[in-house]
Structure formats: C-alpha cells, structure tokens
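Residue numbers (my numbering), protein chains in the order written: chain Y, 40 to 174; chain C, 40 to 174. Yeah, the Cβ is synthetic: ideal placement off N, Cα and C, and Gly gets one too. Down below is the structure, laid out as structure tokens.
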DNA sequence: TTTTGCATTGCAAATCATTTGCAAAGAAGC
DNA sequence: GCTTCTTTGCAAATGATTTGCAATGCAAAA
C-alpha cells in the first residue's frame, strides 16, 4: 500500500519517477502495460522515460512488489502485488481483466502436481472469453 | 497424423520443408521452440530457413494443425494438435513439459466463467514446478 | 547543510523473438 | 512441359524489452 515503505524495505531509493509509477499502480485498479503506464505517468511527470517504467517494473517485480502478467499475444501487464492470490479472466473483446479465485481449483492443482511428482513453484490460470449476452 | 492430408485439407501446398517440419513434430513428442525445430530440420534439410519454420508454424496454427504455447519467459513452443485437450506442467529446472488434464478443473472453470457472465473461448493452465526429491 | 558515493535516469543503441518485402524457386492443375 | 499462384530464403523491419553510458539525484556521512 505505502510505496515508500515498499521501496525502502527493498533497499531502493525513492525517486520522483518511482513514486509516480507506484501511485498510478495503486490508484488505477486495471492491468496496464508498460506503455500505458508510461503515458499515464507522463501526464504527471513529462520527463519520465519508458526505460524507467520498464526498469522500475523489473526491480519491483524482483522485490515482489508488483506482478507481471503476459496474457496471450500482448505485452506484459502489471498490477501491484499484496492482494490475495487470484487468477484472471481476460475479455478477448476489450482486453479487460477480471480477477477471480477458486480454492477448489487451487487444491486440484496441488493434487495433480503431487501425482506427477512435482512441487508447484508457481502457476498461471487464464480464461479467455467474451461477455455472455444477457438475453 | 498424416501431414499430407492435413496440408491438403488446409488448401496448402506440400513442400519439402513443410514435410520435414511436420515429420519432426510428429516424431518428437516434446515441445520444441522455433529455433530447436529449425535446428532439427536443418539436419534433414540444410537449406531450410528459420523464416520458413516460423511461417509454417503460423499457417499450421491458423489451420488448427498445431498448437502454440508461450510459457513464462521463453519463446513460443509448439506441439502438433489432434490429441485430447490437456494442460501443462513445466519443469522450471529442465524446461521439460508434462501434459495433464483434469475434467474437474475444466468444469470448475466453466462454472466460474458462467458466474462472471462470460463464455470461455480458450484458456490456459500452466503449473511451474520442480521435481520432488524422492527421499 | 555540504560533501560524497553509489543508485537511478534519459537517451540511444542493442537485443530477442518474430514477421515481412521481394525476387527467385517450386507446386499443381492443365 | 506451361502457366499460375504459392512458398521459400534472405535481409531488412518490427515490437517489446533491455542495456551502456554519461549526467543527475538520492541519502548517508561528515
């Protein structure tokens, strides 16, 4: 939540651009890609560069402060970490992302990995769909 | 299975390079990326080019003859289609891919999408893990 | 505070995976 | 064997992301 804390805890310096980027990520609750983030940040701080957005995303991802998702056929999109784990449903028409979670699926995944002799380190479940017409 | 049929059915010409690529995809049951495919094909037909591998993958994917997977942080990997639907478990140490399927997960996905007001067009479920030490 | 040292930035150029323009070579139907 | 339309190899283009480098800016120490 408090990005200053996040940054400090990660041993990172608090810079104007990082503040700006993190503020955007905290306020907007969608899943912007680097370019979108860059454009939004530019409105607040016109001197910010796309490289910095990418670099910031990379560092913050390593520190676990944000999550990177690469949905089918598109650039990476980001969201701030910290919330509960969830998976994603992507509206293939609009690109909108809906979050959901299912403990049952989660458990089944564990069982499957177990059966196959593996230990799950991470996973990704994405549903791609279109809004059902309410008729 | 019979790639000549696949190609002909798709209205595509049967060329030496397509034959070669499809033969490799049919024989090897792993999930090679374009470069690996190119290297294997080169051993059989040294004149083949990487562009052709990419082009062939693209056409065949459109025709539904192969499937493209983009696992985390890596180039696209391919497998011939036709088998039953399945998901993937990727060994993060070796890159090896294990296929699995779960009707229960499949059904839960449907339910979730339904609840969210969406119709699933496709989905992807990937487990990333490491082999459990048998101790 | 001022100083100092290392982190961070902006810019341009590099990289990686993949696609594409184009002229030459090759299928397929006649 | 022609003719036509497809496919190929090559090189150059593309899109997303990363990186080298010199300049700038934090932050800890003085």
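According to the DSSP secondary-structure assignment, residue 126 of chain C is paired through a beta bridge with C:139. The Cβ of residue 134 of chain Y sits no closer than 8 angstroms to any Cβ of chain C.
From the beta-carbon of residue 117 of chain C, no residue of chain Y is found nearer than 8 angstroms; the closest lies around 15 angstroms away. Look at residue 120 of chain C: its C-beta is not under 8 angstroms from any C-beta on chain Y. Taking each of C:63, C:160, C:167 and C:110 in turn and checking the Cα distance to residue 162 of chain Y, the smallest one comes out for C:167. Closest in C-alpha terms to residue 171 of chain Y, from the list Y:132, Y:96 and Y:110, comes Y:132.
Closer than 8 angstroms to the CB of residue 168 of chain C there is at least one CB belonging to chain Y. Shown here for residue 100 of chain Y: same chain residues with a beta carbon closer than 6 angstroms to its own, the five before and five after excluded, namely 107 in chain order. The C-beta separation of residue 60 of chain C from residue 73 of chain C comes to about 10 angstroms, leaving the pair out of contact by the 8 angstroms criterion. At a cut-off of 8 angstroms between beta carbons, residue 93 of chain C makes no contact with chain Y.
Residues of chain C with a Cβ closer than 9 angstroms to the Cβ of residue 103 of chain Y do not exist; the shortest Cβ-Cβ separation is about 16 angstroms. For residue 155 of chain C, the neighbours in chain Y by C-beta distance under 8 angstroms run, in chain order, 128, 137 and 139. DSSP, reduced to helix, strand and coil, places residue 79 of chain C within a helical segment of the structure shown. For a Cβ distance threshold of 8 angstroms, nothing in chain C lies close to residue 106 of chain Y: the least Cβ distance comes to about 12 angstroms. Where residue 58 of chain C is concerned, the enclosing alpha helix (DSSP H) starts and stops at 55 to 66. For residue 160 of chain C, the nearest CB of chain Y lies under 8 angstroms from its own CB, placing it at the interface with that chain. Secondary structure of residue 170 of chain C (DSSP, three-state): strand. Counting C-beta pairs closer than 8 angstroms gives three or more between the region 87 to 99 of chain C and the region 50 to 64 of chain C, which meets the contact rule.
With respect to the C-alpha of residue 120 of chain Y, the residue from Y:129, Y:136 and Y:102 having the closest C-alpha is Y:102.
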